[in-house]
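**Student:**
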Amino acid sequence: MTSIAKAPSAAKLARAPRKAKTKAPVREASGKEIGGSGAKERASVRVYRQGLGDCILVRVKRENGDDFKLLIDCGVVLGTENASGKMTAVVEDVVHEADGKIDVLAITHEHWDHLSAFIQAADSFKKLSVGAVWVAWTEDPNDDLAKQLKRELGKAEKTLQACASAFRAAGNGANADMLSDIALTPMSAVAAANTSTRAAFDRAKNMAAPQPPRMWRPTDAPFEIPDANARIYALGPPHDPRLIRKINPSTSNPETYGLAADGCAVLPAGVLAALGLSGDEDSGPPFHRRVTIPLRNEKDLASFGQQDPEGRIERFFTKHFYGGDDDWRRIDGDWLGSAAELALALQSYTNNTSLVLALELGNIGTGDVLLFAADAQVGNWESWQDWQCEKDGRKITGPDLLKRTIFYKVGHHGSHNATLKQRGVDQMDALKAAIIPVDEEEALKKHWGRLPLSDLIAALEKKKALVLRTDQKPSGPPDNVVIADNYFEVRI
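With full-length UniProt numbering, the residue at position 50 of the sequence shown is 50, and numbering never jumps.
1. Note down the Cα distance separating Asp485 from Arg49, rounded to an integer number of angstroms.
2. Please report how far the alpha carbon of Pro141 lies from the alpha carbon of Trp216, in whole angstroms.
3. If you draw a straight line from the alpha carbon of Ala228 to that of Ala83, how long is it in whole angstroms?
4. For Asp143, which residues of its own chain have a beta-carbon under 7 angstroms away from its beta-carbon, when the five flanking residues on both sides are left out?
5. Would you check if the region 154-168 and the region 127-136 touch, i.e. whether three or more CB-CB distances between them fall below 8 angstroms?
6. Do you know whose CA, among Pro222, Ile483, Ala43, Glu92, lies nearest Lys126's CA?
7. Do you know how far the Cα of Arg450 is from the Cα of residue 527?
8. Please return the same chain residues whose Cβ sits closer than 6 angstroms to the Cβ of Phe372, not counting the five positions on each side in sequence.
9. Can you give, in chain order, each stretch of the alpha helix (DSSP H) that sits fully within the region 426-480 and has at least 4 residues?
10. Which one or two residues does DSSP pair with Ser44 in a beta bridge?
11. What are the partner residues of Phe372, as DSSP defines its beta bridges?
12. Could you please give the first and the last residue of the uninterrupted beta strand (DSSP E) stretch that includes Ser165?
13. Does DSSP put Ile244 in a helix, in a strand, or in coil?
14. Reducing DSSP to helix, strand and coil, say where Glu139 ends up.
15. Would you mind working out which of Asn352, Ile119, Ile56, Asp177 sits nearest His447, comparing C-alpha positions?
16. Give the range of the beta strand (DSSP E) segment to which Thr88 is assigned.
17. Excluding five sequence neighbours on each side, which residues of the same chain lie with their C-beta closer than 7 angstroms to the C-beta of Thr405?
18. Just to confirm before moving on: does the CB-CB distance between Ile436 and Arg394 stay below 7 angstroms?
19. So, helix, strand or coil for Asp262, using DSSP?
20. Could you give the distance in angstroms between the alpha-carbon of Asn206 and the alpha-carbon of Ala98?
21. If I'm right that Thr413 touches Pro477 with Cβ under 8 angstroms, what's the distance once you round it to whole angstroms?
22. What does the alpha-carbon distance come out to for the pair Pro212 and Leu359?
23. According to the Cβ coordinates, are Gly53 and Glu442 closer than 7 angstroms?
24. Below 8 angstroms, how does it come out for the region 461-476 and the region 106-116: are there three or more Cβ pairs, yes or no?
25. Short check: CB of Asn417 to CB of Gln377, under 7 angstroms?
26. Less than 7 angstroms between the beta carbons of Ile102 and Lys61, yes or no?
27. Considering only the alpha carbon of each residue, which of Asn175, Glu341, Asp202 lies closest to Ala122?
28. I need the DSSP call for Lys23, collapsed to helix, strand or coil.
29. What are the partner residues of Ile396, as DSSP defines its beta bridges?
30. Of all the options Pro399, Gly398, Ile247, Arg491, which has the alpha carbon lying nearest to the alpha carbon of Ser415?
31. Under the three-state reduction of DSSP, which class applies to Ser338: helix, strand or coil?
32. Below 6 angstroms CB to CB, which residues in the same chain sit around Leu105 once its five sequence neighbours on both sides are set aside?
33. Using a threshold of 7 angstroms, state whether the C-beta atoms of Pro222 and Tyr233 are closer than that.
34. Look up Val65 in the DSSP assignment and say whether it is helix, strand or coil.
35. Gly75 and Ser124: beta carbons closer than 7 angstroms?
36. Just mark Leu444 as buried or exposed, buried being the case when its beta carbon has 16 or more other beta carbons within 10 Å.
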């Protein structure tokens, strides 16, 4: 996909030589540049092309010594073909490009497509030295709101695990797998504990051991990159349960671009109750659990003083309940829709706890900004409008950082609920490049609708920005954009 570049006088993104390394073949550039030519390279952003998932290597030039290197997430979505092979190739490239050492590993949130490589490419990660690990305040075991969120998310995940187990017990593994796909976390009843999303997160958090992770809050002072006129701000997630729980755009006046494929933006009351998003406690099965007996689980019959050694109960239900002529009597699969909605809510709720980082290059308050929004959804984005900090006598605000954003890593694969309009793209007056980590074909296979959203791409292109999507190779990219089989890289 090609796009119109900013006027050459802007000279924000410029080509600079890089020492030669053995890499995949790079497509020849067009001779155009996003900005003007001749400027000194200040930073680069390498976005890997493993599929639906994020892995981003950021390098910032320092006045003395090696580049500052920041790795943001590393994973690919469940069900990706040859996932381990792809992620191993990605991590090997990170190790090679970073000369075996990165300064910071930032893990934005607890989703498989941002974490899977810490299990799938564990041996390759052993070759990488990590100076520090950054996570959001939501991982702070002493934070009351963080503990509350963990309880609510844990409740939802346990509910989904039970749903997935029920589907598998009924011989319907496809529905169980569908819940895993939607929730972006393994839901297998037989999955080993060391292959779960939490296990991957724990491995990532221990990459700088014995040094504990830094748990960022949006009120923290920015991190000054040593020997560089650059700093990193944490914009989100907000320390506000109301904003974290705002996961979807409003229906009357949507804050984002377009709607989901089915137009649904409101979760059922039962789903909201399960996640603690509403006060409705009168939802769920029509019968209390203490008077129910799981079918085909005869060991539970004994606890009710009953025995069925000849399988008469099972034969009765097979004949009078599971028979083809009696389909209309059953409600056993009707709750799949609600289970899927719960899985979607769990996914969105976790997305909204994303650690959002803004990298400012240059002087405080006037430098260019690179925005890494992870999978932040509506409430996270809205919180940036009130975000502010003071540094060296200058007041920095969220809208100001958006106004100076020249590079945007598009959130959540370009979905309908992850990039705001008026309080997002419309404020990005300086935008020159955006990269969308996406695999449209894989998203369609998973029945997620079309990713990325066409309205969002149009809005980004309207800003005269170069828009790259990792599932498509562009023709004639600017000279400071490297197109390789395994990654796209923008040099700034």
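Note that the Cβ used here is the ideal one computed from N, Cα and C, for glycine as well.
**Tutor:** From the atom records:
1. Locating residue 485 in the sequence shown gives position 485, where the first residue counts as 1. Locating residue 49 in the sequence shown gives position 49, where the first residue counts as 1. One C-alpha to the other measures close to 8 angstroms.
2. Within the sequence shown, numbered from 1, the residue matching residue 141 stands at position 141. Within the sequence shown, numbered from 1, the residue matching residue 216 stands at position 216. Counting only the Cα atoms, Trp216 lies some 13 angstroms from Pro141.
3. Here the question's residue 228 lines up with position 228 in the sequence shown. Here the question's residue 83 lines up with position 83 in the sequence shown. If you take the alpha carbons of Ala228 and Ala83, they lie about 36 angstroms apart.
4. Numbered from 1 along the sequence shown, position 143 holds the residue referred to as residue 143. Answer for Asp143: Trp137, listed in chain order.
5. no
6. Start at 1 with the first residue of the sequence shown, and residue 126 comes out as number 126. Per the Cα distances, Glu92.
7. What is shown of the chain runs 1 to 492, which leaves residue 527 out entirely.
8. In the sequence shown, residue 372 corresponds to position 372, counting from 1. Excluding positions up to five away in sequence, the list reads Ile72, Leu357, Lys409.
9. Counting only runs of 4 or more, we get 440-445, 454-462.
10. Counting from one through the sequence shown, the residue named residue 44 turns up at place 44. Partner(s): Arg59, Arg491.
11. Your numbering for residue 372 matches position 372 in the sequence shown. Beta-bridge pairing by DSSP links Phe372 to Leu357, Lys409.
12. Here residue 165 refers to the residue found at position 165 of the sequence shown. Counting along the chain, Ser165 falls outside any beta strand (DSSP E), though it belongs to the alpha helix (DSSP H) covering 144-169.
13. As a first step, residue 244 is located in the sequence shown; it is residue number 244 there, counting from the start. Here Ile244 sits in helix by DSSP.
14. Taking the sequence shown and counting its residues from 1, one reaches residue 139 at position 139. In the structure shown, Glu139 sits in a helix (DSSP, three-state: H, G or I).
15. Residue mapping note: residue 447 aligns to position 447 of the sequence shown, counting from 1. If we check each option's Cα against that of His447, Asp177 comes out closest.
16. Working through the sequence shown from its first residue, we reach residue 88 at position 88. From DSSP, Thr88 is part of no beta strand (DSSP E) but of the alpha helix (DSSP H) over 83-97.
17. Walking along the sequence shown from the start, residue 405 turns up at place 405. If we look at Thr405 and ignore the five residues flanking it on each side, its Cβ neighbours are Val369, Leu371, Met428, Ala430, Leu431.
18. On the sequence shown, position 436 is the one that residue 436 refers to. On the sequence shown, position 394 is the one that residue 394 refers to. With respect to Arg394, Ile436 sits apart: the two C-beta atoms are not nearer than 7 angstroms.
19. Taking the sequence shown and counting its residues from 1, the one referred to as residue 262 is at position 262. For Asp262, the predicted structure reports a pLDDT of 36, less than 50, and the residue's modelled location is therefore unreliable. The matter cannot be settled from this model.
20. Within the sequence shown, numbered from 1, the residue matching residue 206 stands at position 206. Within the sequence shown, numbered from 1, the residue matching residue 98 stands at position 98. Spanning the two alpha carbons is a distance of roughly 19 angstroms.
21. The residue labelled residue 413 in the question sits at position 413 within the sequence shown. The residue labelled residue 477 in the question sits at position 477 within the sequence shown. The residue asked about is misnamed: residue 413 is His in this sequence, not Thr. That pair is no contact at about 21 angstroms.
22. For this step, residue 212 is matched to residue 212 along the sequence shown. For this step, residue 359 is matched to residue 359 along the sequence shown. The alpha-carbon atoms of Pro212 and Leu359 are separated by roughly 23 angstroms.
23. Counted from its first residue, the sequence shown places residue 53 at position 53. Counted from its first residue, the sequence shown places residue 442 at position 442. Against a cut-off of 7 angstroms, the Cβ pair of Glu442 and Gly53 comes out as no contact.
24. Result no; under three Cβ-Cβ pairs closer than 8 angstroms.
25. Against the sequence shown, residue 417 aligns to sequence position 417. Against the sequence shown, residue 377 aligns to sequence position 377. The answer is yes: Cβ separation under 7 angstroms.
26. As a working mapping, residue 102 is identified with position 102 in the sequence shown. As a working mapping, residue 61 is identified with position 61 in the sequence shown. No, these two residues do not count as a Cβ contact at 7 angstroms.
27. As a working mapping, residue 122 is identified with position 122 in the sequence shown. The residue with the shortest Cα to Cα distance from Ala122 is Asp202.
28. Here residue 23 refers to the residue found at position 23 when the sequence shown is read from its first residue. Unreliable positioning characterises Lys23 in this predicted model, as indicated by a pLDDT of 43, which lies under 50. A coordinate reading is not provided.
29. The residue you call residue 396 lines up with position 396 of the sequence shown. Bridge partners of Ile396: Cys389.
30. The count along the sequence shown starts at 1 and reaches residue 415 at position 415. That would be Ile247, whose Cα lies nearest to the Cα of Ser415.
31. Counting from 1 along the sequence shown, the entry for residue 338 is found at position 338. Of the three classes helix, strand and coil, the one that applies to Ser338 here is helix, per DSSP.
32. On the sequence shown, position 105 is the one that residue 105 refers to. Leu71, Val130, Val133, Met207, listed in sequence order.
33. The residue given as residue 222 occupies position 222 in the sequence shown. The residue given as residue 233 occupies position 233 in the sequence shown. It is a contact, given that the beta carbons lie within the stated cut-off.
34. Sequence index remark: in the sequence shown, residue 65 carries index 65 (1-based). According to the sequence displayed, residue 65 carries Gly and not Val. Gly65 falls in the coil class under three-state DSSP.
35. As a working note, residue 75 is residue 75 in the sequence shown. As a working note, residue 124 is residue 124 in the sequence shown. No, the Cβ-Cβ distance between Gly75 and Ser124 is not below 7 angstroms.
36. For the purposes of this step, residue 444 is taken as residue 444 along the sequence shown, with counting starting at 1. Exposed, because fewer than 16 other Cβ atoms sit within 10 Å of the Cβ of Leu444.
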